[in-house]
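Chains as they are written, first to last, in our numbering: chain Z, 14 to 498; chain F, 98 to 446.
One structure is given below, encoded as structure tokens.
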């Protein structure tokens, strides 16, 4: 081994150590970034015994990464559902509060019973009308909350879609960098890290699956199989609906022309924020609105006035008006939003609450208390009986039919809270899985500062040794040249 | 190759990540200790929340029935007092009828007592509790019995005068009354006179009360008749007896005719008194039912509250223990985080 070889070895060692130090510095810089992975300098020993840097790779674990992606999607989806249900829960409130339609119905029933015991008491009649107005306003407000929630979910979907489009563009830039760099054999680890970070953000919005091809080229599909990215970003499109009412149904999200959410989804996404929001917009709120509408329909039917003269006149709305002239016989979307107290009964606008006792809001043929007896209670008691009788409800409310109105309303509360409970449990477990998966990923691929520092100390020694070696070789040459001279 | 590896981030954040979870648990436990109920009742109960809402509604409903029963009880005792009043007057009248000899000497005082009793009867039947006339049946806004001196007296005078050819303006003081035979009087009392106290004459000249009594809901599944009215048989009989004695001019009758009137009056009052007692007994039963349903509803309220607290309540002692454990955990988490943050190889090199 000649002195020149020793010199070369020391020199390449210096270069390698410098590269390793640079990599370690990058690691130290990225230690606080959860998306940064640990960079590793791969070295090799050449034929002459010197160490050379081959390339720079990163610590990675594909299985763990994909698990983290899935957990991210699942958690974001459940979070969206839970938030939506939290909004719906505002229409119910605590069991002790009088916010829920069930509690308001109970108050109406009580007022009606009290009035039936003393039908000659106008104050009690007014109390019934006030309770009735409370029920109607409560149903109107609940409908508004539900429909606003649908509108909010719809605009959140629109936001998510535009973010996905934006992220896909960024993804394309990083993916191109990765592919080009891989083809040329340059360091692509930073681009890979960035690409992974972008993919995680996309996964928050919609569930994804990936396939990696030659030169680290990544293809991204939604978890339902629609292509989001292959060489170029595909367009995700969505047309938002500005205002929702009970009869409105929202639009679908399209990925590359394929419908992936909404009413007619060919390949519905399973997880992610968009899937969660779609569940809120198209399923939970719609069912809850159906329940409110059925409560409203029950009320209109209960207080409807029937013909007393056998002249064949139709049954017409009484205390509660459904926004149309007739009593609806089937589920009427949006009824809970328009139900109101008949002005003929409302003393604040010149009506007479005693019509509750006498009947006849729709004309003389509907008068029950023909003798105008002040304490006539038969009609009121009949109304109470009807209010507390079993009714048929539309299965679209997803509650059991053949119960009385109060039970149905309480069932609606049960339904909502059960949904919330299961969504909360699912969200908790999804976020636990996410935290576990991302922790595991970070443990494996993250950066340990202590280790980097120890490595730097080691590299420092190595650098010193190589430098010393160069010095020694130099001195040897000096001695040699001194002999020659 | 390292046998084990952990990144700095997951090393330091492990303890830190549990903090928000612990903090929200502490806040939950805090609420539970303060209220004695679950922090989020709906979330905890889930599908059974409807049951809880149902129980709350039921409790309010039963409570409002108990409140309404207070009014019913008031109405019933008012009616009972009035009936006792009516029965006392009737009994006093009956005693006078029994004790007065069948001569025209005592007739004048009896006549006066008849009129006073009639006024007392109409006044009592027109009793109002300030909101309704309690003897009016369901037609409670209208004064049930007309003033005797108006329509009823006019009808009586007309019938009396027509039957016996007396002075229509003042038949009671017509001297021809003395000529009425017992047989004629008996026939008059059984037909024309009796008809005035039957429908439809009773409805037109005497009473505007309804035959239909008030019915109240006294418990969740029980309805009861809580009033009587001025059209019942004993009331008509009393009015008939008082009118018979007070306004047929018995002071001027022959002894034998007077005997017919007094006999008839005794029979009618006797029947009326027992009728009033029957009514009182019937209403007494209702009072009893109201009282017992109040008792049972109070138990229902207590049972419902117990069920609600079984559903919604938390054991404060358990919550406090949980809170203490959580606080300890939280402190440990803080300490661990702080300790880990201080650990660095830099401090030792």
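All C-beta atoms, glycine included, are put in the ideal place defined by N, C-alpha and C.
Among the residues facing chain F, residue 462 of chain Z is included, as its CB has a counterpart in that chain under 8 Å away. In summary, residue 255 of chain Z is exposed, with fewer than 16 beta-carbon neighbours lying within 10 Å of its beta-carbon over all protein chains present. By the Cβ criterion, the region 127–141 of chain Z is in contact with the region 361–372 of chain Z, since at least three pairs of Cβ atoms, one from each stretch, lie closer than 8 Å. For the region 223–257 of chain F, not one full-length beta strand (DSSP E) segment reaches 3 residues or more. Within the DSSP bridge table, the entry for residue 326 of chain F names F:233 as partners.
No Cβ of chain F is located within less than 8 Å of the beta carbon of residue 366 of chain Z. Under the Cβ distance rule, residue 311 of chain F counts among the residues neighbouring chain Z, one pair being separated by less than 8 Å.
In this structure, the beta-carbon distance from residue 175 of chain F to residue 377 of chain F does not fall below 8 Å. Below 8 Å, too few C-beta pairs join the region 421–435 of chain F and the region 477–494 of chain Z to call them touching: fewer than three. Using a CB distance cut-off of 8 Å, residue 307 of chain Z does not count as an interface residue toward chain F. Here residue 39 of chain Z carries a helix assignment [DSSP, helix/strand/coil]. At a beta-carbon threshold of 7 Å, the residues of chain F lying near residue 119 of chain Z are 154, 157 and 158, ordered along the chain.
Taking the Cα positions, residue 212 of chain F is about 7 Å away from residue 340 of chain F.
Listed as beta-bridge partners of residue 56 of chain Z by DSSP are Z:66. The alpha helix (DSSP H) runs of length 4 or more contained entirely in the region 106–194 of chain Z are, from start to end of the chain, 114–130.
DSSP places residue 417 of chain Z within a strand segment (E or B) once states are collapsed to three. By the rule that beta-carbons nearer than 8 Å mark a contact, residue 107 of chain Z touches chain F. Taking one beta carbon from each stretch, the region 47–63 of chain Z and the region 201–213 of chain Z have 3 or more pairs nearer than 8 Å; the two touch.
Counting C-beta pairs with one atom in each stretch, the region 259–271 of chain F and the region 351–368 of chain F have fewer than three that are closer than 8 Å, which means they do not touch. In its chain, beyond the 5 residues on either side, 152, 155, 156 and 159 have a beta carbon closer than 8 Å to the beta carbon of residue 401 of chain F. Within the region 213–231 of chain F, those residues whose Cβ lies closer than 8 Å to any Cβ of chain Z are, in chain order, 228 and 229.
Here residue 232 of chain Z has 224 and 243 as same chain residues with Cβ atoms under 6 Å from its own Cβ, once five neighbours each way along the sequence are excluded. Sequence-distant Cβ neighbours of residue 219 of chain Z in its own chain, meaning closer than 6 Å and more than five residues away, are 235, 282, 285 and 287. By the neighbour-count criterion, in which a residue is buried when 16 or more other Cβ atoms sit within 10 angstroms of its Cβ, residue 445 of chain F is exposed. By the neighbour-count criterion, in which a residue is buried when 16 or more other Cβ atoms sit within 10 angstroms of its Cβ, residue 415 of chain F is exposed. Closest option to residue 212 of chain Z, judged by alpha-carbon separation, among Z:183, Z:192, Z:332 and Z:484: Z:183. Scanning the region 263–338 of chain F for uninterrupted beta strand (DSSP E) segments of 3 residues or longer gives 312–316 and 319–322, listed from N- to C-terminal end. Using a CB distance cut-off of 8 Å, residue 400 of chain F does not count as an interface residue toward chain Z. Around the C-beta of residue 497 of chain Z, fewer than 16 other C-beta atoms lie within 10 Å, and the residue is accordingly described as exposed. Using a Cβ-Cβ cut-off of 7 Å, residue 122 of chain Z is close to 158 of chain F, given in chain order. Contacts with chain Z at 8 Å (Cβ-Cβ) include residue 103 of chain F. Distance from the CA of residue 337 of chain Z to the CA of residue 344 of chain Z, rounded to the nearest whole angstrom, comes to 14 Å. Excluding its 5 nearest sequence neighbours in each direction, residue 370 of chain F has C-beta neighbours in its own chain below 8 Å: 184, 187, 188, 191 and 331, listed in chain order. For residue 228 of chain Z, there is no enclosing alpha helix (DSSP H), since its DSSP letter is neither H nor E. For residue 251 of chain Z, DSSP records a beta bridge to Z:266. Every unbroken stretch of the alpha helix (DSSP H) spanning 4 or more residues and falling wholly within the region 291–364 of chain Z is given here in chain order: 298–315 and 348–351.
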